[in-house]
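Just so we're aligned, residue 7 is where the sequence shown starts under my numbering, counting upward by one.
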Amino acid sequence: MALRTFIFTLVVTLAAGCQVYDPSLVEEDSGVALPDTGPATLRHPPPRPTGMDGDDGEERLYGLRMVMLNQDGERWRDIGYDLDGRFTAEPGFDTECLPPRRSRPPVDGNQGIDNVFGASLFPLVDLTVPGLQETAQAAQEEGKLPVLRMRGWNGEDDDPRVDITVTNAIFMTAAESDGSPPEVEVVDFEPRRLSDGTRPDFPAWDGTDYGWFREETFLEGDPELPLLRDDNAYVAGRLVVARLPERVEILFPADDLGVIVKLTDARATGTISADGSTLENVVVAGRWAIIDLLSTAENVGVCRDTAQYDILTGQLDTIADIRSAAGSGGEGVRCDAISLGVQFTGSRLRWGGLTPGPPVRNVCTDPRTDGGPGGMDGGMSGARDGGVADGG
């Protein structure tokens, strides 16, 4: 994904004085009616169902693809959840904090959904790097993507407890003609057939594909010891509801680099289809601290103590809408995070094995330009390798 190009182009454009977003041009009260946000019922996942847990069914793996980053128009208003327990809208603008460089907070989406990423941040991306979403989706179609593993589901519409693990696929392949996984070795984080050294077919997305998952997302490479796990998740009306560990990291590919989205107060939900073959309307929502966002800027070459870094900081201070720690807001408190909501579609796949994943490179401390291996795997990670945070 061309996120490195985005960051570089954005800061150069701003440094040249051509701001893609200028808060001085936004009137505090334009008098223009906002779209109908519906009833003031805050959108949260449904509560845990009551009753006893039934017999557990088979393990299910879903690759999260077709990511929706571009939430233009009014789409952002329906992607995510209410995070702060408030409906921020005219005329009162009830909020837990104020942006450091703006006197009025951004408005919420429908039912109090907090999603400044979709409303304000990604539009900046799209102005500088058209087609970014399509590039991300193409990488996912090749099998570099987040993966959700579900265990303990009773197969019913309601299940008071399921076990959810989040990992990521380093690569995926189609099944052999007999349905078995191809016999492969891994060269530069890509599979090669043992028989002739060729790459097996890319995934067919028919439910029979195999994925090889990042070894570092499991303690000592043990599939029974995942690092990103909610063993007390549940299913309510076929909606899977999981809380993710604090500061979970979502990795997006960018050539041989990558951007890490590190969240607090994060949750993931998705609806199991009638036949169980897909996980529909998967939503990942949470709080992305500005300090964490700026940390990942170094992975794409925007370094501390530079003019570009200062410009990026100023832009984030303009659109910040939430506190990174839930419940830490109050009158006069400044926002230190942006709210995020992104959407995926989950497709069934099968377990192929574990394999080491490529490290995340900090361009500011490792400014090599050889374009060699060391790229991103395009998924969620809960590991650390090479001394660079990569999950957990």
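We put the CB at the ideal spot given by N, CA and C, even for glycine. Since this is a predicted model, take the numbers as computed values, not measurements.
Legend entry - Whether Lys268 touches Glu252 by CB criterion (7 Å): no
Legend entry - Coarse secondary structure for Arg83, derived from DSSP in three states: helix
Inset, instruction - Tell me, please, which residues DSSP counts as bridged to Arg273. - result: Arg249 and Ala291
Inset, instruction - Give me whichever residues DSSP pairs with Leu257 in a beta bridge. - result: Ile266
Legend entry - Beta-carbon spacing of Val348, Val290 below 7 Å: yes
Inset, instruction - Consult DSSP for Leu151 and reduce its assignment to one of helix, strand or coil. - result: strand
Legend entry - Length of the line joining the Cα atoms of Val394 and Arg367: Residue placement at Val394 is poorly supported in this model, since its pLDDT is 34, which falls under 50; the coordinates still yield a value, given next. Roughly 7 Å between the two C-alpha positions.
Inset, instruction - Could you check which residue in Arg108, Leu89 and Leu70 has the C-alpha nearest to that of Ser283? - result: Leu70
Inset, instruction - Compare the Cα-Cα distances from Asn121 to each of Asn238, Ile266, Asp78 and Gly158 and report the closest residue. - result: Asp78
Legend entry - Test item: CB-CB of Glu189 and Pro362 under 7 Å: no
Inset, instruction - Could you tell me the boundaries of the beta strand (DSSP E) in which Ile170 lies? - result: Asp165 to Thr179
Inset, instruction - On a CA-only basis, which of Pro209, Pro373 and Gly115 is nearest Trp82? Give me that one, please. - result: Gly115
Inset, instruction - Could you work out which residue in Ala95, Ser183 and Pro53 is closest to Arg167 when comparing CA atoms only? - result: Pro53
Legend entry - Straight-line gap, Ile325 to Tyr315 (C-alpha atoms, nearest Å): 16 Å
Inset, instruction - Note down the Cα distance separating Asp376 from Val369, rounded to an integer number of angstroms. - result: Its pLDDT being 47, under 50, Asp376 is placed unreliably by the model, and nothing is read from it.
Inset, instruction - Have a look at Val73, Val153, Cys309 and Glu147 and flag the residue whose alpha-carbon is nearest the alpha-carbon of Ala180. - result: Glu147
Legend entry - Three-state secondary structure assigned by DSSP to Asn238: strand
Inset, instruction - Report yes or no: is there a C-beta of chain B within less than 7 Å of the C-beta of Leu322? - result: Absent here is chain B; the protein component of the structure consists of one chain.
Legend entry - Reduced DSSP category for Thr56 - H, G, I as helix; E, B as strand; rest coil: coil
Inset, instruction - Ignore the nearest five residues each way along the sequence and tell me which others in Asp236's own chain have a CB closer than 6 Å to its CB. - result: Ile170, Ala248 and Arg249
Inset, instruction - Measure the CB-CB distance between Arg92 and Asp84 and report whether it falls below 7 Å. - result: no
Inset, instruction - Determine the contact status of Phe177 and Trp218, defining contact as a CB-CB distance below 7 Å. - result: yes
Inset, instruction - Check whether the Cβ atoms of Leu225 and Leu234 sit closer than 7 Å, and answer yes or no. - result: no
Inset, instruction - Give the C-beta separation of Gln143 and Met72 to the nearest angstrom, bearing in mind that I take them to be a contact with Cβ-Cβ under 8 Å. - result: 6 Å
Legend entry - Extent of the continuous beta strand (DSSP E) to which Gly217 belongs: Tyr216 to Arg220
Inset, instruction - With distances taken Cα to Cα, identify the nearest neighbour of Glu303 among Thr270, Leu257, Val288 and Gly213. - result: The question names Glu, but residue 303 in the sequence shown is Ala. It is Leu257 whose Cα lies nearest to the Cα of Ala303.
Inset, instruction - Evaluate Asp202 with the Cβ neighbour count: other Cβ atoms within 10 Å of its Cβ, from every protein chain shown; 16 or more gives buried, anything less gives exposed. - result: exposed
Legend entry - Cβ-based burial, Ala175 [other Cβ within 10 Å; buried from 16]: buried
Legend entry - Inter-residue CB distance, Arg49 and Gly137 (contact presumed, cutoff 8 Å): 30 Å between Cβ atoms; not a contact.
Legend entry - Where Gln77 sits in the DSSP three-state scheme: coil
Legend entry - Contact under 7 Å by Cβ, Glu96 with Gly335: no
Legend entry - Endpoints, the beta strand (DSSP E) within which Thr351 is located: Ala343 to Thr361
Legend entry - Residue span of the alpha helix (DSSP H) that contains Gly320, given as start and end: Ala313 to Ile325
Inset, instruction - Go ahead and pull the three-state DSSP assignment for Pro129. - result: helix
Inset, instruction - With DSSP as the reference, please indicate the residues paired to Gly98 in a beta bridge. - result: Partner(s): none; Gly98 has no beta bridge.
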